[in-house]
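Protein sequence lines correspond, in order, to chains L and C. Sequential numbering from 49 applies to the first sequence in my numbering. Sequential numbering from 49 applies to the second sequence in my numbering. Glycine included, every Cβ here is placed at the ideal spot set by N, Cα and C. All values derive from a computational prediction rather than experimental measurement. Take a look at the structure set out below.
Number of protein chains: 2
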Amino acid sequence: MPSGRRARVAEGTSLLEAARQMGVEIESICGGRLTCGKCKVRVEEGHFPKHGIESRADHLTPPGQEELDLLERMGARGARLSCSAYVCGDVLSFVPEESRAQKQIIRKSATERAIEVVPAVRQVYVEVDRAVLGEHRGDWGRLQDALAEQWQLTELSIDLQALQRLQTALRQGNWAVTVTLWHDREVIDVQPGYQEGAYGLAVDIGSTTLAAYLCDLRTGELLATESAMNPQVAYGEDLMSRISYAMMHKDGLAKMHKAVIDALNKLAAQAARAAGIRTRQIYEAVFVGNTTMIHIFLGINPVELGGAPFALANRDSMDFKARDLGLRLHPGANVHVLPAEAGHVGADNVGVLIAEEPYRQEEEIVLIVDVGTNAEIVLGNSRWLYSASSPTGPAFEGAQIRYGMRAAPGAIERVRIDPATKEPRFRVIGEERWSDEWDLRPDAPTESQPKHLAAGICGSGIIEAIAEMYLSGIILPDGRFNPACRGERFRWEGRKGAYVLARAEESAMGEEILVTHEDVRNIQLAKAALYAGAKLLMMRAGVEKVDRVTLAGAFGSYIDPLHAMVLGLIPDCELSKVHAVGNAAGDGARIALLNRRKRLEAMEVAHTIRYIETAVDPDFQEQFVGAIHLPHATDPYPHLEGILPEGGTTEAQARARPRRRSRRRQKQPTPA
Amino acid sequence: MPSGRRARVAEGTSLLEAARQMGVEIESICGGRLTCGKCKVRVEEGHFPKHGIESRADHLTPPGQEELDLLERMGARGARLSCSAYVCGDVLSFVPEESRAQKQIIRKSATERAIEVVPAVRQVYVEVDRAVLGEHRGDWGRLQDALAEQWQLTELSIDLQALQRLQTALRQGNWAVTVTLWHDREVIDVQPGYQEGAYGLAVDIGSTTLAAYLCDLRTGELLATESAMNPQVAYGEDLMSRISYAMMHKDGLAKMHKAVIDALNKLAAQAARAAGIRTRQIYEAVFVGNTTMIHIFLGINPVELGGAPFALANRDSMDFKARDLGLRLHPGANVHVLPAEAGHVGADNVGVLIAEEPYRQEEEIVLIVDVGTNAEIVLGNSRWLYSASSPTGPAFEGAQIRYGMRAAPGAIERVRIDPATKEPRFRVIGEERWSDEWDLRPDAPTESQPKHLAAGICGSGIIEAIAEMYLSGIILPDGRFNPACRGERFRWEGRKGAYVLARAEESAMGEEILVTHEDVRNIQLAKAALYAGAKLLMMRAGVEKVDRVTLAGAFGSYIDPLHAMVLGLIPDCELSKVHAVGNAAGDGARIALLNRRKRLEAMEVAHTIRYIETAVDPDFQEQFVGAIHLPHATDPYPHLEGILPEGGTTEAQARARPRRRSRRRQKQPTPA
């Protein structure tokens, strides 16, 4: 139990072996030496007619003192260790979740998925022949022989760092050691005696943010999540300016490489501290990131990614020694980098793919949008997959927005506007109450005052603000402020309007927080680029509509699906089928860290997905022009019927839009 | 020609391909692109009845301008490039030595041997598809495809350092690059365009001396030989004291490791300078050394080698990245360490084995003695091989000798003593004339004065001195000074005599250079240990005599065979079959560097040779006692008949030797 498998085994077979024969893998690190206790099972007693057996505790050999002691220490009195209980009659046994070798973790995703825990790193306990005079195998030879005999591990190599520690470990452990293996082919650590604890780090190197996930490689458990600014922002906000920096400065690459490595070392140390482990217990790290970030991370000049034909140094997945990159994890630790798809679609998008698995979607056509400075877009299902990269620019991340800021305490993240009064209310990060519930009187009790005043507007905030401004008639479908809007919430400079989202007393700076004409323009351009990319893939795939939309990206998970669709960020779709899944790229890294088979899947999908180059596609330009409107000049949004303001999207309006502005804007979407 | 092979080939076959079909490998780096010129051949014209052909130049397609220009630049007018000459009639062609792919180098050894040059590192020129928009293989993918197509190289990996340089190299070389490969499986360098020059370093890490040999990996040519003191001598003269240092000091290993790595970096730089190449053109280094030296070199604590059971960290050959050891060669360079045989017989002796190849000796039984602070002894032939290590101590290297010194200018290296007058003459390193031809008068013309006065006695000098003292009756077979010897050449202190080898005016220090009673004793102990080791192997193998003796070791090559035998350093053997072969361990490293197949041979012999532990063998102690005498208390030396002084070796004398001295001395031969 609980699998319900049954079989007839020879008398004297251990429960562990019996389970194995039935295809049930029970965990065992010590290999039956009564040190790890991982193979614990519960023996059910009684009459089980369904199984046709009469199970009794004495149908197993009785536990010895050593087993009883270990079970006592583990707080598992009454259980048995399956390695030490030998079958001598009918037995019904329950294998608890924690004893199962093939562990699973459940990932929250658009469609919940279970991930099997089969990492590249594992630890085994092994007893090694003592060195004796006249026998010359050497300690490594003896260890190899023991690993072959006790764990069927052959053709192993050993990392120099592990070899340097081998002799001491063998003697300290009295010729018993715990060996840490990578892909069952390289010994990367040898520790004296029985040891437990192999951890891994999954990292998403974003242009702006570094996110690190520390996992237990045995259980798959996520122990710590840490993030930090990518210090490379000092060398340029977006990818193109980083590439320029590498081109223009002789030591530009070296500086940016060092900056990110230093930051990653700090992040790893932070995560280890948070999880209460040592950095040197991190035996593997898996990295995703856009192609430019991965190039710089690996010390490869990203200059080729700055211009056509956007040649990658390497598309495929790669493994290196962490130390060769200057990373301070375990000295023998390896680094795995997921493959890329093309010059503009990197390992981060492959991470999204293996996390969301659109290639397992039988019928429905999925659109996945990873929103960031560069948006990666995937469209397809199990039959075909397309991807593209769209240069949205940093507006969604709060840059190019007058009061834009990162998603930090005080950032406006939710906005509602009353269509009748045009009065807004908003919520800031770190404060649960909406702004209309704030008591701002100086003599108000502390608990009714907001914990944070408004400090600016983050990405999800600006999207909601503009969508709400549109829904309430403050801005017109072409993005202009409605000239009819006047009053204390509005500021006008000639024909350019601005909307007061937060009053001076609501703001931390003591000044009004505005959404300006230019802010609206920048968001329009960004969303048009994103939409045009999605539309281009739909054209190439020959589909008219999508069945499901997944919004990915750390920021994407905060976007409200309705507002995204009102803005025309994504094409029309049933609202219940629009999901935000958070940092799917980071999740992909974590999945590849925990499941080595997903690395092969990553290679496969990276090779089979069809990448569409937006930069040179005339259809992209065409779609971009049409998508400047809210939500679109011509494409219908039946699922927004009754939600959009009247006359929201008409062909007449589209025709009314002056052509030359769209031409001027065509310069915008160059790849970066 | 000159192989004399002939074959019928299809018209239009290139000479290069035709030769290949006949099993004659002609060198080609550029693969037929008229850049390397390595495939040059000479076409013979005329009637060749033996081959039954009528060869004429116009039986080949005529050379194009590009070929003519390259031949002109190479100073090879009149030759043809076999890649560009296509057969259209009978052709007799001569392949010069330098164009043959399977180059050979001849090594001076006891039996001259040819070494085929098939190194682990090779360079190939390759033309790579340009990156084009819409094609996403990545530069490394494109390079892999090109290497597979043009050179049939598949399943390659690339070193991070090479990947970092790949994109620049491809563009600088206009999509043609020279790729440096290790074992045809790892790309360790990519350089723009056509490049030549891959070098390797073979190093013997001796306890006292580091010897480095810089070789051209294409031709096998030895370009530079450099040597230096092992700076670890500051931490102890012999192995045991280094092991103690590592045990007693927390940072002992780190200090000694750093010392040898720093010295090796200097040595590599020196060798590169001497050969006129850059250190970063050294793509591989092969190391030999005794087990303690190899442990420290690899950063492994040698403490286990200091006591039974003398466990090695690893017996087998190993490959590591040079950078992981702190070696500054090419950043992607690899290091190969030859295997060891046992705790006391290391890679240096395996080097001797693959250089001297006793396992190819069909009938004769060979004894190989590698003389050093620890002597390694090998006995056998193609049917069986035994090895042992014998703790000779540093006497042979000039230590423990009152006027001992290293083999440097001024060191006495040759000695002759007149049996009648007991007058010596000697020769010092750096001066060709014997001391009796020196004109020491202050007013003598410069050219008749010796360039160096005597500064001390080196290893070969002390062996000759003591052998000559014995032959001339100055010392007795048991090592005591003959009490009858009096006069100006003798100094007596009680019953301990001393012999004036160089007079004060012949010495650089202005004082007499003596050979003392203690010097004789120390050499006796050293030679007895060596002899006992050899004898032990003979006993184990069940042989009475050896057919051939090879003296190895940098110092071994200066030992005169006659004197070595008079002293009883080696068992009796026909004098013409005693050879000194120099630093065979270093030669072995060089051979393994140039011929990767010899590395497999090294592994094979390291596993099959039978190692005899002298330290714990009672027979060794027994043999040691008997061998204190000159040349031996009981073993006969028929080949020295008429050479040894009368009554040189009698059983009576052996019995006369006090037993307790030999017992006291038994403490000496502990392993170190």
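Per-residue contacts from residue i into chain L (C-beta, under 8 Å)
{"i": "A294 of chain C", "result": "Per Cβ cutoff of 8 Å: no residues; A294 of chain C is ~12 Å from chain L at best."}
{"i": "G189 of chain C", "result": "N362, R363, D364"}
{"i": "G347 of chain C", "result": "L208, Q212"}
Simplified DSSP assignment, three categories, for residue i
{"i": "F767 of chain C", "result": "In this structure chain C extends from 49 to 720, so residue 767 of chain C is not present and cannot be described."}
{"i": "M557 of chain C", "result": "coil"}
{"i": "E244 of chain L", "result": "coil"}
{"i": "I523 of chain C", "result": "strand"}
{"i": "T698 of chain L", "result": "Here the model assigns T698 of chain L a pLDDT of 41, short of 50, so the residue's position is not dependable, and the following value carries that caveat. In this structure, T698 of chain L counts as coil in the three-state DSSP scheme."}
{"i": "R290 of chain C", "result": "helix"}
{"i": "A675 of chain C", "result": "coil"}
{"i": "A55 of chain L", "result": "coil"}
{"i": "S255 of chain L", "result": "coil"}
{"i": "P50 of chain L", "result": "coil"}
{"i": "D177 of chain L", "result": "coil"}
{"i": "K303 of chain C", "result": "helix"}
{"i": "K625 of chain C", "result": "helix"}
{"i": "K575 of chain L", "result": "helix"}
{"i": "G542 of chain C", "result": "coil"}
{"i": "T656 of chain L", "result": "helix"}
Cβ-Cβ distance between residue i and residue j below 8 Å
{"i": "T327 of chain L", "j": "A388 of chain L", "result": "no"}
{"i": "G248 of chain C", "j": "L271 of chain C", "result": "no"}
{"i": "I413 of chain C", "j": "N397 of chain C", "result": "no"}
{"i": "F335 of chain L", "j": "V383 of chain L", "result": "yes"}
{"i": "V176 of chain L", "j": "W223 of chain L", "result": "yes"}
{"i": "R128 of chain C", "j": "L63 of chain C", "result": "yes"}
{"i": "Y242 of chain C", "j": "T440 of chain C", "result": "no"}
{"i": "H611 of chain C", "j": "I511 of chain C", "result": "yes"}
{"i": "A459 of chain L", "j": "I505 of chain L", "result": "yes"}
{"i": "G633 of chain L", "j": "G399 of chain L", "result": "Here the sequence assigns Ala to residue 633 of chain L, which means Gly is not the residue at that position. Closer than 8 Å, so yes."}
{"i": "Y722 of chain C", "j": "R638 of chain C", "result": "Since the first residue of chain C shown is 49 and the last is 720, residue 722 of chain C is not available in this structure."}
{"i": "M341 of chain L", "j": "S255 of chain L", "result": "yes"}
{"i": "V476 of chain L", "j": "H500 of chain L", "result": "yes"}
{"i": "I163 of chain L", "j": "N643 of chain L", "result": "yes"}
{"i": "A246 of chain C", "j": "Q318 of chain C", "result": "no"}
{"i": "G636 of chain C", "j": "L401 of chain C", "result": "yes"}
Where residue i meets chain C, residues with beta-carbon distance less than 9 Å
{"i": "Y659 of chain L", "result": "G182, H184"}
{"i": "N530 of chain L", "result": "Those do not exist, as N530 of chain L stays about 43 Å from chain C at its closest Cβ, beyond 9 Å."}
Under 9 Å from the C-beta of residue i: neighbouring residues of chain L
{"i": "R54 of chain C", "result": "Within 9 Å Cβ-Cβ: nothing; R54 of chain C doesn't reach chain L, min ~45 Å."}
{"i": "I676 of chain C", "result": "Within 9 Å Cβ-Cβ: nothing; I676 of chain C doesn't reach chain L, min ~27 Å."}
Interface residues of chain C facing residue i [CB-CB closer than 7 Å]
{"i": "E352 of chain L", "result": "Q215"}
Per-residue contacts from residue i into chain C (C-beta, under 8 Å)
{"i": "A359 of chain L", "result": "A179, G186, D187, Q215"}
request  = Jot down the residue ranges of each uninterrupted alpha helix (DSSP H) in the stretch 188 to 246 of chain L, minimum 4 residues, whole runs only, in chain order.
outcome  = 208 to 220
ask   = Which parts of the stretch 58 to 135 of chain C are runs of the alpha helix (DSSP H), unbroken and 4 residues or longer, counting only runs that do not cross its ends?
value = 63 to 69, 113 to 121
ask   = Does the pairing of the stretch 349 to 364 of chain C with the stretch 181 to 198 of chain L give three or more beta-carbon distances under 8 Å?
value = yes
ask   = Counting Cβ pairs closer than 8 Å, one from the stretch 579 to 599 of chain L and one from the stretch 659 to 678 of chain L, do we hit at least three?
value = yes
key: Residues, ordered as in the chain, of the stretch 594 to 624 of chain L that lie near chain B by beta-carbon distance below 8 Å   = Absent from the structure is chain B; the protein chains it does hold are L and C.
query = Which ranges does the alpha helix (DSSP H) cover as unbroken runs of at least 4 residues, wholly within the stretch 321 to 371 of chain C, from first to last along the chain?
reply = 339 to 345
ask   = On the three-pair Cβ rule with 8 Å, is the stretch 415 to 435 of chain C touching the stretch 562 to 578 of chain C?
value = yes
Validate contact between the stretch 292 to 303 of chain C and the stretch 202 to 218 of chain C using beta carbons, cut 8 Å, 3 pairs = no
inquiry  = Assess contact between the stretch 536 to 553 of chain L and the stretch 465 to 477 of chain L, defined as three or more Cβ pairs (one per stretch) separated by less than 8 Å. Is contact present?
reply    = yes
request  = Output the residue ranges of the alpha helix (DSSP H) runs that lie fully inside the stretch 449 to 523 of chain C and measure 4 residues or longer, sorted by chain position.
outcome  = 507 to 519
inquiry  = Under 8 Å: do the stretch 479 to 494 of chain L and the stretch 527 to 544 of chain L share three or more Cβ pairs, one atom per stretch?
reply    = no
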